[in-house]
Structure formats: C-alpha cells, structure tokens
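All residue numbers for the sequence shown refer to the numbering used here, where the first residue is 119 and numbers rise by one.
Just so you know, even glycine gets a beta-carbon here, dropped at the ideal spot from N, CA and C.
Remember, predicted model here, so these are calculated numbers, not experimental data.
Have a look at the structure below, then the notes.
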Amino acid sequence: MSYLINEQVKKLNTRDIRKYKLSQNLKPLQMLTCYDYQTAQILNETSLDMILVGDSLGNVILGYDTTVEVSIEEMLVFASAVKRGAPNKFVIADMPFGSYSTIREGLTNAKDLFQKSKAEAIKLEGAYDYQLDLIKRLTQIGIPVMGHIGLTPQSVHQQGGYYTHGKNKDSAQKLMQEALGLQDAGVFALVLECVEPILSQRITQTLQIPTIGIGSGRKTDGQVLVINDLLKMGKDAPPSFCEPIANFYQLKKGAIESYLDQAFYLGFNDERLFTHN
Ligand code: KIV
C-alpha cells in the first residue's frame, strides 16, 4: 500500500493504516519483523509498510526457548537499533512478557519503550478486561497500540502449546469478542496469529481496523512474517505456514567456508588485506 512521493516511499502513520481498510487495495498490508540496525537499513529502502520489533527476537536472536524470557531492557536495545536503521518506516515495538501485568506497570513500561526507542507504536498480546483498560489509557496519552490475539506466544504455557485457535464454536466466539473488544479499546490494527482461516476472514470482514495475519490464511488485510523464517536465517525449519524465499543459513555458511579456504591459500599473499590505508 506504500505511496511513492518524489521517488521516496511515504512513511505510513496510524491514519494511513486505518484507512487501508477502505482503500480497496489489492496488495495486503505488509509487515516483517526486524531486530537489528543493518537489516533495518535494508527494509528502510523497500516498499514494506511496517516493521515489527517482535519479542520473537527471544527465539531467533537470543536463542531462548520461549518469548517468556525476553525483558523490557532487551526490547529497548533492539527496538532502538531498528529505529535508527529505519527512520522512514512505521516501527512497532513489542511489549514483552510480564511488562504489562498490571495497568500501572504497563503504562510505565510502554511509555519508556515508546519514548526511548522512538518506535511509532507498541504491540501487546491479549484482550483481558484490564488489558483493554490499559490500551484505552495508552491511546489517550498518545501511544498507538497494535493488538494480538489467537496464538499468543507469551502465554504458551497457559495455552498449552502452539496450535491453531478458533477451531470450535466457543473458541471462535471468544476470539470474535476479543477482536471487537480490542477495536473498541482503540487498537489501530490487530495481529491474528494461527487463527482458523475462515474465522480470521470473518473477523477481518467484521472489524473496521485492519487485521494482520500470520498462519491465519490469506483473507486478512495484511500479513506479517518473522524475517529470519522468510530468509531462513536459522538452522531449524521455519513454521509450516512460512515458505522461505532464500536460505541465508546455507549462504552465510558457504561464504564463511569459502573465505576460510581462500584466506589461507590466496589472501595471505595479498598485503592489501592486512593493512588499512
Ligand atoms: O514477536 C513477533 O514476532 C510477533 C509476530 C509473530 C506477530 O508477535
């Protein structure tokens, strides 16, 4: 949905993102995760709509077992790096586990993350009553919030693993209510993670704000993927809903191996490689 102004991609804002719903766009809203300065510089030069500094960095960058281990201090380091690399993108920083267990904590931590990282918005998982109140308060003080329901990885132990949500009537009704509650509370967009595709389509048709799907079928307003999965940067296979477009793991490994071979046979004779002019 990116606009071109004088050959530059226009940086979106929450009004543009909300308006997307009315714009009959054929292209979905496109969001990718990002966690570092140099990758952010690349994304900054593309037509990507939004960047999410997800707490998935706990898994793919820090090697934690779950996102439960990620701290607010870590989110601040990575979100700030991404924002420095992508000044022209709308960046959303994830609130990590335990940083919004109460309204008071949520306000303090969200204000800190938003203000210090310079991200344009924050995201938080869940739709319990106190979370809806927190979202209302955050939007009142000027912090845009993206919602996130379905599979919410910070609650992996409570939810009992990673699986598709909304497959039965009760779960589907609950998700629809959560989506409407979040919309009323003021979120500008909503992530639907591993939500049964027909339900995610129904939620998308019902809401006035854009939905951003991951593992939830094609019929959402936008799509988000973890960039490390899309580029296959890790050793492990990405989730089944992500078809990698490259294999950076092999590419990097091959390049390093060929450097190790060549450096010994060729590079050692080349003085230029060892002096700085
Ligand atoms: O942390 C993350 O990367 C996310 C996306 C998977 C939506 O929350």
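From the options, residue whose alpha carbon lies closest to that of residue i
{"i": "S141", "options": "E389, I374, D339, D379", "result": "D339"}
{"i": "S235", "options": "R136, A158, A364, V195", "result": "V195"}
{"i": "Y280", "options": "N286, P271, D288", "result": "P271"}
{"i": "L328", "options": "V127, K137, E191", "result": "The sequence as given places Pro at residue 328; Leu does not occur at that position. Among V127, K137, E191, the Cα nearest to that of P328 belongs to K137."}
{"i": "G268", "options": "D230, D134, L317", "result": "L317"}
{"i": "V263", "options": "Q156, E191, A307, D183", "result": "A307"}
{"i": "V127", "options": "V342, D167, N143", "result": "D167"}
{"i": "K244", "options": "Q276, G260, Q233", "result": "One detail in the question is off: residue 244 reads as Gly in this sequence, not Lys. Minimum Cα distance to G244 is reached at Q276."}
{"i": "D154", "options": "Y377, T185, M193, H266", "result": "M193"}
{"i": "L144", "options": "L348, A239, N286, Q341", "result": "Q341"}
Alpha-carbon spacing of residue i relative to residue j, whole angstroms
{"i": "I253", "j": "L300", "result": "8 Å"}
{"i": "G278", "j": "Q380", "result": "49 Å"}
{"i": "T322", "j": "V209", "result": "22 Å"}
{"i": "S165", "j": "L130", "result": "11 Å"}
{"i": "F366", "j": "K350", "result": "6 Å"}
{"i": "H283", "j": "V178", "result": "23 Å"}
{"i": "K285", "j": "L378", "result": "51 Å"}
{"i": "P357", "j": "D347", "result": "8 Å"}
{"i": "G335", "j": "F392", "result": "52 Å"}
Cutoff 8 Å; reference residue i; Cβ partners in own chain excluding five residues on either side
{"i": "D302", "result": "L250"}
{"i": "I169", "result": "M149, L150, T151, C152, A158, L161, V200, A204, K207, F208, V209, I210"}
{"i": "I221", "result": "Y248, D251, L252, R255"}
Contacting residues, own chain, Cβ-Cβ under 6 Å from residue i (five flanking each side not counted)
{"i": "V188", "result": "D173, G176, P214"}
Buried versus exposed, by CB contacts within 10 Å (16 or more), residue i
{"i": "Y246", "result": "exposed"}
{"i": "E311", "result": "buried"}
{"i": "G442", "result": "No statement about residue 442 is possible, as the shown extent of the chain runs from 119 to 395 and does not include it."}
{"i": "S376", "result": "exposed"}
{"i": "H266", "result": "buried"}
- Message: Counting beta carbon pairs with one atom in the region 284 to 292 and one in the region 218 to 228, are three or more of them shorter than 8 Å?
- Response: no
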